[in-house]
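Presented below is the structure to which this report refers.
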Amino acid sequence: MTHFKREVYLLNQLCSVLKIQYPIIQGGMGNISSPALVAAVSNAGGLGTIGCGTMSTAEVEERIVATKRLTEKPFAINVPINVNPHTKELLQMAITLEVPVVSLSAGNPEPFIEKLHAHNICVIVVVAAVKHAIKAVQGGADVLVVEGYEAAGINSNLELTTFTLVPQVVDAVSIPVVAAGGIGDGRGLAAAFMLGAAGVQMGTRFIATQEMPVHMTYKQRLLDATDVETVILGRSVGQVRRVLKSPFTSSLLADEAKGITLADYLERTSETYHMKGAIEGNEQGGFMNSGQIAGAIQDLPTVATLINNMMTDTQQCLNHALLNNFQSQ
789 MTHFKREVYL LNQLCSVLKI QYPIIQGGMG NISSPALVAA VSNAGGLGTI GCGTMSTAEV
849 EERIVATKRL TEKPFAINVP INVNPHTKEL LQMAITLEVP VVSLSAGNPE PFIEKLHAHN
909 ICVIVVVAAV KHAIKAVQGG ADVLVVEGYE AAGINSNLEL TTFTLVPQVV DAVSIPVVAA
969 GGIGDGRGLA AAFMLGAAGV QMGTRFIATQ EMPVHMTYKQ RLLDATDVET VILGRSVGQV
1029 RRVLKSPFTS SLLADEAKGI TLADYLERTS ETYHMKGAIE GNEQGGFMNS GQIAGAIQDL
1089 PTVATLINNM MTDTQQCLNH ALLNNFQSQ
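Just add 788 to wherever you are in the sequence shown, counting from 1, and you've got the working numbering.
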């Protein structure tokens, strides 16, 4: 295991670019991301990420400062360009506070990349289609997170799956590609490697850890989840989001079936209702984001245990595949 970890650190392109030990990134998680979780991921060798969601610059600054108190390792902020009204201010703050990595999603990243590069900030761009990946590379992205719609939260209405999308993007670009959506253990990381990715990004799996300060109801729902525990909201208005089934989401889906306005849908899937579900554990008054990987989550480890176990299991999976599938050749 030690030898494998050392080789990953020395040879993995993603680790080299991000200056991290293991090729594992924590997804942003919107307004519920926590400095405690972000720092735990970075301290364990991955890349923790503060999700800016719809927060103000003051709120994000507070989380950046808190994270820096907890870790000296690299971490990122994720800025959803067309979701947060303070995108330019947030990016300037990242420069001022010397955040080493910025992840850009939900919008065109090109206008912002050159300025970030001028301040030695590594730029990750989240994409959900091959054409978006190519455009992001042309705009100067350093790393691509390629997200299938198995993932939690807001997704592309193209609804492409991780397993089909990742290898197509890998074939189309020359920068490190990170697989996201439906990944939660060493088997997922090994599969990502086989698809040509240099690492993985996980959101839902990091919710179910000891360091993540969400309501225990949320974590228990993930532990109890079956393979069909999630549902897609927003197809009727072209705004796809994957969440756990709940009374709140059932009501929203019923209203979609009757015909809901885009404005009403966006209001009822805002961060206000996300916080009610995730932080307060209120399944009648809010929702909980979740990817399809929820059905495979069986425990609540520390972040360090999760990452270490993933690296061990990845090596075992790769060795097993080589020994059992190619032994006779």
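All C-beta atoms in this analysis are idealised placements derived from N, C-alpha and C, irrespective of residue type, glycine included.
Just so you know, these numbers come straight off a predicted model, no measurement behind them.
#1: With C-beta atoms as the reference, is Ala894 less than 8 angstroms away from Ile942?
#2: Would you mind reading off the limits of the alpha helix (DSSP H) that contains Arg1009?
#3: With DSSP run on the structure shown, which of helix, strand or coil describes Met1076?
#4: Going by DSSP in three states, Ser830 sits in which element: helix, strand or coil?
#5: Rounding to the nearest angstrom, what Cα-Cα distance links Ser844 and Thr1060 in this structure?
#6: Within its chain, find whatever has a CB closer than 7 angstroms to the CB of Lys861; leave out the 5 residues flanking it on each side and keep chain order.
#7: Look up Gly987 in the DSSP assignment and say whether it is helix, strand or coil.
#8: So within the segment 862-892, which uninterrupted beta strand (DSSP E) runs reach at least 3 residues, ignoring any that extend past its ends?
#9: In chain order, what residues of the same chain have a beta carbon less than 8 angstroms from the beta carbon of Val918, not counting five sequence neighbours either side?
#10: Which of the three DSSP states is assigned to Ile912 in this structure?
#11: Per DSSP, Leu1050 is paired with what?
#12: Determine the burial state of Val965: buried for a count of at least 16 other Cβ atoms within 10 Å of its Cβ, exposed for fewer.
#13: Return the bridge partner residues of Thr1018 from the DSSP annotation.
#14: So, at 6 angstroms on beta carbons, what are the nonlocal neighbours of Ala939 in its own chain, with the 5 sequence-adjacent residues on each side left out?
#15: Residue range of the beta strand (DSSP E) that Thr837 falls in?
#16: With the cut-off set at 8 angstroms, would you say Asp930 and Ala1084 are in Cβ contact?
#17: May I have the straight-line CA-CA distance separating Ile1095 from Asn908, to the nearest angstrom?
#18: Look up Leu932 in the DSSP assignment and say whether it is helix, strand or coil.
#19: Looking at the secondary structure, which residues open and close the beta strand (DSSP E) in which Gln956 lies?
#20: Have a look at Leu1054 and Arg1023 and give me their C-alpha separation to the nearest angstrom.
#21: For the putative contact between Val1031 and Asn1077, defined by C-beta atoms under 8 angstroms, what is the C-beta separation to the nearest angstrom?
#22: When the Cα atoms are used, what is the spatial distance from Ser805 to Cys1105?
#23: Find the nearest neighbour of Ile883 within the set His874, Ala827, Lys903 and Ala980, judged by alpha-carbon distance.
#24: Along the alpha helix (DSSP H) that carries Val783, what are the first and last residues, could you check?
#25: For Thr1093, which option in Ser822, Asn800, Ile808 and Gly833 has the closest C-alpha, if you only look at C-alpha atoms?
#26: Assign His1108 to buried or exposed, taking buried as 16 or more other Cβ atoms, counted over all protein chains shown, within 10 Å of its Cβ.
#27: Determine the burial state of Asn870: buried for a count of at least 16 other Cβ atoms within 10 Å of its Cβ, exposed for fewer.
#28: Let me make sure I understand the geometry here. Which of Ala921, Gly927 and Phe994 has the alpha-carbon closest to that of Phe900?
#29: Among Ala979, Ser822, Lys923 and Asp1012, whose alpha-carbon lies nearest the alpha-carbon of Thr950?
#30: So who's on the other strand from Val853, going by DSSP bridges?
#31: Out of Ala985, Ile995, Val911 and Ile812, which has the shortest C-alpha to C-alpha gap to Gly818?
#32: So for Ile942, helix, strand or coil by DSSP?
#33: Compute the Euclidean distance between the alpha carbons of Met881 and Pro823, then round it to the nearest angstrom.
Let's see:
#1: Yes, they are a contact pair.
#2: Met1004 to Asp1012
#3: coil
#4: Ser830: helix per DSSP, three-state reduction.
#5: 14 angstroms
#6: These residues qualify, in order along the chain: Ser830 and Asn831.
#7: strand
#8: 863-868
#9: Leu953, Gln956, Val957 and Ala960
#10: strand
#11: Under DSSP, no beta-bridge partner is assigned to Leu1050.
#12: buried
#13: Leu1032
#14: Ala968, Gly969 and Gly1079
#15: Residues Gly836 to Gly839.
#16: no
#17: 27 angstroms
#18: strand
#19: No beta strand (DSSP E) contains Gln956, which is instead part of the alpha helix (DSSP H) from Thr950 to Ala960.
#20: 12 angstroms
#21: Correct: roughly 6 angstroms between the Cβ atoms.
#22: Before going further, note that residue 805 is Val rather than Ser in the sequence given. Cα-Cα distance, rounded: 25 angstroms.
#23: Lys903
#24: Within the shown structure, residues of the chain are numbered from 789 to 1117, placing residue 783 beyond reach of any answer.
#25: Gly833
#26: exposed
#27: exposed
#28: Gly927
#29: Ala979
#30: DSSP output for Val853 lists no bridge partner at all.
#31: Closest by alpha carbon: Ile995.
#32: Ile942 falls in the strand class under three-state DSSP.
#33: 17 angstroms
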